[in-house]
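Colleague: Sending over a structure as structure tokens; questions will come in a sec.
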Amino acid sequence: MFLAKVIGSIVVTQKTLSLQGKKLLILSPVSMHGDIVQNAEHVAVDDVGAGIGDLVLASHGNSAREVFRDDNRGIDCAIVGIIDGISNN
Amino acid sequence: MFLAKVIGSIVVTQKTLSLQGKKLLILSPVSMHGDIVQNAEHVAVDDVGAGIGDLVLASHGNSAREVFRDDNRGIDCAIVGIIDGISNN
Amino acid sequence: MFLAKVIGSIVVTQKTLSLQGKKLLILSPVSMHGDIVQNAEHVAVDDVGAGIGDLVLASHGNSAREVFRDDNRGIDCAIVGIIDGISNN
Amino acid sequence: MFLAKVIGSIVVTQKTLSLQGKKLLILSPVSMHGDIVQNAEHVAVDDVGAGIGDLVLASHGNSAREVFRDDNRGIDCAIVGIIDGISNN
Amino acid sequence: MFLAKVIGSIVVTQKTLSLQGKKLLILSPVSMHGDIVQNAEHVAVDDVGAGIGDLVLASHGNSAREVFRDDNRGIDCAIVGIIDGISNN
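Residue numbers (our numbering), protein chains in the order written: chain U, 1 to 89; chain P, 90 to 178; chain W, 179 to 267; chain Y, 268 to 356; chain D, 357 to 445.
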């Protein structure tokens, strides 16, 4: 999984069946110290009620897809947690 | 998933069975602000009727393959949406 | 798999069901000589009792998910070993 | 999928069972304009009769493996098409 | 698959169940001309009897895991061949 900040959302009217009714958010990966990795955005389906500005935990690939129990075809990135705090000890 | 712009198409006469009859488009990943990531093109199978110049949403890997219900072997990238708008709030 | 150092942990109250009760650690990939790759952190679920400062072996993707026999949806990175030593001959 | 040029082949006598009798070619990813991405070679199993110098379409991961119906374990890259032409309109 | 050189081995006493009794080698990806890609090491499970200094063929992800027929959870990289020669024509 990776640390990311929610920096936007997208509107997609014409989309594949399995994405209908799912919230699509834009993520920017961040370092442990909160530095944003530029030009490396991902679009993720939200599973935890995240919103713009939140620091989140996200998953890639099949693992992200399996988070969703209904029709999940096409999903390769998911927000799986909202981060409350980071500790280095 | 990732944001991308459709920048071309390819003609492939000799191809694996599962790609027969599928539209193959060249994508360039783009940042949230529309900047094209150079020399990082993907070739995707279109599922939503996208065309050259469209800003699209694309998926990778197994998740992309599963979008297609017929013989989908070999597909590792799919266009799953046409983006109408991006918002940062 | 990749070599990594455990550099932190995260607190995530609001998370997807399958991550409940699992220990989430922040990893920094390291080279064979112990040099940390900056700004490339991963968040992994621990399977071997690792802690901050440990040099570990970690897996990606489906392979990481399959390490966990209970509800493992969403997991795409796992700590699968604690490294005792590295040899170049 | 990605655009690539076939730049070599390898001889591998001692190999895992599932690679016996399969043609292994070295690919260099290329940009849409034919520029080779240096030091990023992949080794792929050929499914379409490609040869040295050909511009091809290649797939990654599970999707590449599934192209082959016989014992396909270990295969994570496949040549799935020979490109006749690229168009940007 | 990718070209790599075996540059080391690791000792891992405390590890996930499925890695017990498997040989873990450190790989450095190499270019077609033998140049080592620095700080990009992978740890792979050996399936072909490779040793330090060997030029090998390696696989990633699920494809690598499937090479092993016994308990293979956690494995995401495998050595699948020992390279005898590379040709560019």
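Every residue gets a Cβ at the ideal spot worked out from N, C-alpha and C, and that includes glycine. Predicted model, so just to flag it, every value in this text is computed and none were measured.
Span of the beta strand (DSSP E) holding W:Ala222?
Modeller: Within the third sequence, numbered from 1, the residue matching residue 222 of chain W stands at position 44. Here the beta strand (DSSP E) through W:Ala222 covers 220 to 224.
Colleague: Which residues, in chain order, does the region 184 to 195 of chain W contribute to contact with chain U at a C-beta distance below 9 Å?
Modeller: Answer set for the region 184 to 195 of chain W: Ile185, Gly186, Ser187, Ile188, Val189, Val190, Thr191, Gln192, Lys193, Thr194, Leu195.
Colleague: Mind pulling the chain Y residues with CB within less than 8 Å of D:Ala420?
Modeller: In the fifth sequence, the residue the question calls residue 420 of chain D occupies position 64. Going along chain Y in sequence order, the residues near D:Ala420 (Cβ under 8 Å) are Gly341, Asp343.
Colleague: Quick check on this structure: which residue in W:Ile214, W:Thr194, W:Asp249, W:Gly259 has the alpha carbon closest to the alpha carbon of U:Ala78?
Modeller: Numbered from 1 along the first sequence, position 78 holds the residue referred to as residue 78 of chain U. With distances taken between Cα atoms, U:Ala78 lies closest to W:Thr194.
Colleague: Buried or exposed: P:Arg158, going by 16 or more other Cβ atoms within 10 Å of its Cβ?
Modeller: Here residue 158 of chain P refers to the residue found at position 69 when the second sequence is read from its first residue. That one is exposed.
Colleague: If you draw a straight line from the alpha carbon of U:Val45 to that of U:Lys23, how long is it in whole angstroms?
Modeller: Residue 45 of chain U sits at position 45 when you count from the first residue of the first sequence. Residue 23 of chain U sits at position 23 when you count from the first residue of the first sequence. For U:Val45 and U:Lys23, the distance between alpha carbons rounds to 6 Å.
Colleague: Chain W partners of U:Val67, CB-CB under 8 Å?
Modeller: To locate residue 67 of chain U, count along the first sequence from 1; it is residue 67. Ordered by position in chain W, the residues that pass the 8 Å Cβ test against U:Val67 are Thr194, Ser196, Arg251, Gly252.
Colleague: What residues are listed by DSSP as bridge partners for Y:Leu322?
Modeller: As a working note, residue 322 of chain Y is residue 55 in the fourth sequence. For Y:Leu322, which the question treats as bridged, DSSP gives the partners Y:Lys272.
Colleague: So, at 8 Å on beta carbons, what are the nonlocal neighbours of D:Leu383 in its own chain, with the 5 sequence-adjacent residues on each side left out?
Modeller: Taking the first residue of the fifth sequence as 1, we reach residue 383 of chain D at position 27. Hits under 8 Å: Ala360, Lys361, Val362, Ile363, Glu397, His398, Val399, Ala400, Val412, Ala414, Cys433, Ile435.
Colleague: For P:Gly170, report the span of its beta strand (DSSP E) as first-last.
Modeller: Numbered from 1 along the second sequence, position 81 holds the residue referred to as residue 170 of chain P. It spans 166 to 171 - the beta strand (DSSP E) in which P:Gly170 sits, taken as one unbroken run.
Colleague: With the cut-off set at 9 Å, would you say Y:Ala317 and Y:Leu286 are in Cβ contact?
Modeller: Along the fourth sequence, one-based indexing puts residue 317 of chain Y at 50. Along the fourth sequence, one-based indexing puts residue 286 of chain Y at 19. Not in contact: Y:Ala317 and Y:Leu286 (Cβ atoms no closer than 9 Å).
Colleague: The region 203 to 234 of chain W: which residues have C-beta closer than 7 Å to a C-beta of chain U, in chain order?
Modeller: Cβ contacts with chain U: Ile204, Asn217, Glu219, His220, Val221, Ile230.
Colleague: Grouping DSSP H, G and I as helix and E and B as strand, with all else coil, what is D:Ser387?
Modeller: As a working mapping, residue 387 of chain D is identified with position 31 in the fifth sequence. Coil.
Colleague: Which residues in chain U have a C-beta closer than 8 Å to the C-beta of W:Gly259? List them in chain order.
Modeller: Against the third sequence, residue 259 of chain W aligns to sequence position 81. Ordered by position in chain U, no residue passes the 8 Å Cβ test against W:Gly259, which lies about 19 Å from the chain.
Colleague: Would you kindly report the start and end of the unbroken alpha helix (DSSP H) that includes Y:Ser354?
Modeller: As a first step, residue 354 of chain Y must be located in the fourth sequence, where it is residue number 87. First-last for Y:Ser354: 352 to 354, but that is the beta strand (DSSP E), not the alpha helix (DSSP H).
Colleague: For a cutoff of 9 Å on Cβ pairs, would you count P:Gly150 as touching chain Y?
Modeller: Position 61 of the second sequence, counted from the start, is the residue given in the question as residue 150 of chain P. For P:Gly150, the answer is yes, since a Cβ of chain Y falls inside 9 Å of its Cβ.
Colleague: Going by DSSP, name the residue or residues bridged to P:Gln103.
Modeller: On the second sequence, residue 103 of chain P is found 14 positions in, with the first residue counted as 1. Per DSSP, Y:Ile349.
Colleague: If I follow the unbroken alpha helix (DSSP H) through U:Gly61, where does it start and stop?
Modeller: Residue numbering aside, residue 61 of chain U sits at position 61 when the first sequence is read from its first letter. Taken as a continuous stretch (DSSP letters only), the alpha helix (DSSP H) holding U:Gly61 covers 61 to 65.
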